[in-house]
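Protein chains: 2
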Amino acid sequence: MSQVWKDYQEKNKDRFLNEMLDLLRIPSVSAKSEHKTDMLTCAEAVKKSMLNAGCDKAEVMATDGHPVVYGEKLIDPSKPTVLVYGHYDVQPAEPLELWTNPPFEPTIIDGKVFARGSADDKGQFYMHVKALETLVKTNTMTTNIKFLIEGEEEVGSPNLGKFVAAHKDLLKADVILISDSSMLSMENPSLDTGVRGLSYIEVEVTAANRDLHSGTYGGAVANPITILAKMIASCHDENNHITIPGFYDDVVVAGPEERALINKAPYDEKEYSEELGVKELWGEKGYTTYERTGIRPTIEINGIWGGYQGEGAKTVLPSKATAKISARLVPNQSSHKMTEKLLNYFTSIAPASVIVKAFEHHGGEPYMTPIDSKGYQAASKAVETTFGKAPIPVRGGGSIPICSILERELGIKIIFMGFGLDNDNLHSPNEKYNIENYYKGIETIPYFHKFFADMN
Amino acid sequence: MSQVWKDYQEKNKDRFLNEMLDLLRIPSVSAKSEHKTDMLTCAEAVKKSMLNAGCDKAEVMATDGHPVVYGEKLIDPSKPTVLVYGHYDVQPAEPLELWTNPPFEPTIIDGKVFARGSADDKGQFYMHVKALETLVKTNTMTTNIKFLIEGEEEVGSPNLGKFVAAHKDLLKADVILISDSSMLSMENPSLDTGVRGLSYIEVEVTAANRDLHSGTYGGAVANPITILAKMIASCHDENNHITIPGFYDDVVVAGPEERALINKAPYDEKEYSEELGVKELWGEKGYTTYERTGIRPTIEINGIWGGYQGEGAKTVLPSKATAKISARLVPNQSSHKMTEKLLNYFTSIAPASVIVKAFEHHGGEPYMTPIDSKGYQAASKAVETTFGKAPIPVRGGGSIPICSILERELGIKIIFMGFGLDNDNLHSPNEKYNIENYYKGIETIPYFHKFFADMN
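So the protein lines, in turn, are chains B and L.
Per the working numbering, the first sequence runs over residues 2 to 457.
Per the working numbering, the second sequence runs over residues 2 to 457.
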């Protein structure tokens, strides 16, 4: 079978790439209301691509937010069904001035496609569309394939839970397959065995009812930036342990065996630091880098602003300061409970000289998938087939908030088979996806379907 | 004499107001290079207004930055000379969305002129131009009058020192008179006996060489916002005492008598707090509000930014965070020494996981003027004449960096005769100047010249 796939893919590789580039040209930024029309345009393009690839049915389906694109190619009800999840929305591209090329004009340099969404997740979910095309056009389908491509992953999938609950029959499957993560490297392929959860809040501190002259009032009225800084500083102790009451309460502490497994992944601290341009890493005392990003919860300040940010100097004592703050969660922390804890923490520690407003942006539960499942085994075998090396199971640091909801509503497990790399600049300027990884993904996915069908 | 002044001013009051409004329409923001042409336009308008008012000579004089406007009306070399200092540049108007009316379209509501620069300092220095006109047109000049109106006060007067040193003869005078401050209230007029000094720096913290995904890297790489917040938080202890090494070293500690005098000024904490919309004030333990803003040095964070600041949520671990930080200084602190201390503090406390760049924006020395001088006595008598009440001597919280330089270069004392109010929203959205105060200033200034001439 492999030869017919290879031949078909080789013959169509330029078109496969160009179609992906077309998708990247649509600025489908879900967080910003000004891109509402682009979101619809992108959803329609995804639908069309599914039909072109060989789906019998594809549909843009409304939600209370940005629509979902559903597609399917069903061959036989007795065969297993794979539900492919992905997302066509992307992160905001700001800060724009740091992009070498415009974020929505994909540019190929040294075998890499630079564009917002190239790796996260348009380039990755589109591998599944092209894998389906390969299977359909070579008449080698062994599973039923369904697509659930949403438009709100980057804003926490606020409407997908309701959508899935309302379409359980439509989405019925035996396994969920997601390519929205990375592997260690092309030489050391890996499969994620879980993702961290997320609690994302915003905290606004208001002191005086207006900006004040820092000379006339400085020293007598609270400075909201100083107060917010004190609140942020209070989140970590000198060992970078988080000090928010109850923060670690529900954390499942990893045992020596699990920690040993995590630390077996190839890791070179010098190389890791140099690639990031830092002299020293920074994290919770007593844990290695992969433990810090995999099995430990964290608090990050994602953004902060207040007062004068322009050229030169302005002697203002500002009225307001605001921060976007998020926690990454591990099993068995609950996003809902953590959000409550965070909101409560930031409102309760504020002095009476300021007013604090804190609200939730979104959240998602941590998720783990067992490595002894048929799905994981099929993915592992598929990667081994095309990479020549069995993938290392690792814990992913990112979050896909919908995972726990998908499992709960559909009663099936999720398999993460990501083909990105950690240095793809996800959520950053100059996001890229290596063309080699894109093709490797399209090559690998058909094997997943074959092995999964064989096992069932 | 008073009746002829009164008659002249009454007859011309509408024009006096309209001319001030015309000046406010020019967006002379010295901090922003995009306003370079506006700065020149404004300087020319100031020059023209001096000639129209009766100056024999007025000139726009180049500096290495924005030009100075010099004007003079000399009547007799044997008479005393008053040098009026003011500035035609204004603070940036941002955040624009908080202005009820556009900052450079002066709007009159309830007897107040709302516009950037209305009180600081166009409306205030222009009182002197109209006072000169009053004296010239009523043939009642008793002093020689010189104007030194600069265009860089809001950026720390970086070029005025050199200008003054190069034009000592031109600027020769017996006293310097400045209206660039406020009084307690119309019912409780006051005169400032000093201004605080200033050290203004910017601190930029860089962690990784690019924005990162907060899931993939969160927990393993320093967050520059967290680090900057810790650095800012470390500046004050729990009593809001500043903890930067050596910060208070050169402070002249006010004795019980001076403190008693400061606290004699009418003050209602409830009213003060309510006007600012705060439940509680915030400041250094052991000092009253007027002490905190008058005789104590402070540190304020004037601005902060880093990471994602847009709509919604972005799970980014930012590369950079930046803050604008300034200290207000009191006698005998040195701005130069303090700037060194601040730069050193912020670069030395940073962990090795980040790179800190810190640089100076500008600074200025604190300044005190004795209340037994002829100039202060003339000002006090002038205010008493028109307000019916002797002004209270108070310490101003703001800074006029050029004061110490003017005194050093010209060998004469500065008198602060401000007619603004603390709630004029200086440096804030909706800056305003009460028309009543404007007219009261124009009414009072001729008396200053008369009394100062009488004493000499």
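Heads up, the beta-carbon is just placed ideally off N, CA and C, and yes, glycines get one too.
Note that the structure is predicted; figures quoted are calculated from it, not measured.
Any C-beta of chain B under 7 Å from that of residue i
i      : result
L/R329 : yes
L/D1   : Since the first residue shown for chain L is 2 and the last is 457, residue 1 of chain L is missing from the structure and cannot be characterised.
L/G118 : no
L/K48  : no
L/V357 : no
L/T227 : yes
L/N224 : yes
L/T194 : no
Residue j beta carbon less than 7 Å from that of residue i
i      : j      : result
B/I406 : B/G162 : yes
L/T144 : L/A380 : no
L/F449 : L/E203 : no
L/T227 : L/F164 : no
B/G397 : B/S182 : yes
B/K74  : B/D57  : yes
L/F388 : L/P267 : no
B/V206 : B/V357 : yes
B/T290 : L/A221 : yes
B/P367 : B/R197 : yes
B/I443 : B/K131 : yes
B/M40  : B/S29  : yes
B/V83  : B/E151 : no
L/E11  : L/H67  : no
L/A54  : L/L133 : yes
L/F115 : L/N435 : no
CB contact check: residue i to chain L, cutoff 7 Å
i      : result
B/V91  : no
B/E312 : yes
B/H88  : no
B/D423 : yes
B/W100 : no
B/V156 : yes
B/G198 : no
B/V204 : no
B/H36  : no
B/V474 : The structure shown does not extend to residue 474 of chain B, since chain B is modelled only from 2 through 457, so no value can be given for it.
B/L52  : no
B/N435 : no
B/R260 : no
Same chain, Cβ closer than 8 Å to residue i, neighbours up to 5 away in sequence not counted
i      : result
L/D77  : N145
L/A140 : The question names Ala, but residue 140 of chain L in the sequence shown is Asn. The answer is none, since no qualifying residue turns up.
L/A166 : E410
L/I263 : A255, T289, Y291, E292, G295, I296, V395, R396
Residue i - DSSP class collapsed to helix/strand/coil
i      : result
B/V176 : strand
L/E444 : helix
B/E275 : helix
L/L427 : coil
B/D193 : strand
B/E270 : helix
B/A314 : coil
B/F115 : strand
B/T323 : strand
L/N435 : strand
B/T75  : Inspection of the sequence shows that residue 75 of chain B is occupied by Leu rather than by Thr. Looking at B/L75 - three-state DSSP - the assignment turns out to be coil, as it is neither helix nor strand.
L/A167 : helix
B/H337 : helix
Beta-carbon proximity list for residue i, same chain, < 7 Å, skipping 5 on both sides
i      : result
B/K375 : F453, M456, N457
L/C236 : I243, T244, I245, I300
B/E276 : N424
Cut-off 6 Å between Cβ atoms - residues of its own chain near residue i, not counting five sequence neighbours on either side
i      : result
L/V85  : H129, F148, L178
B/D121 : L427
L/E385 : A391
B/G256 : none
L/A59  : K48, M51, L52, G72
B/D212 : V317, P319, S320
* To do: Any chance you could list the alpha helix (DSSP H) runs of at least 4 consecutive residues sitting entirely within the stretch 5-57 of chain L, in chain order?
  => Listed in chain order, the alpha helix (DSSP H) runs fully inside the stretch 5-57 of chain L are 37-54, counting runs of at least 4 residues.
* Every unbroken beta strand (DSSP E) within the stretch 196-260 of chain B, with a cutoff of 3 residues, ordered by chain -> 198-207, all fully within the stretch 196-260 of chain B.
* To do: Go through the stretch 344-393 of chain L residue by residue and report every complete run of the beta strand (DSSP E) that reaches 3 residues or more, in order.
  => 356-365
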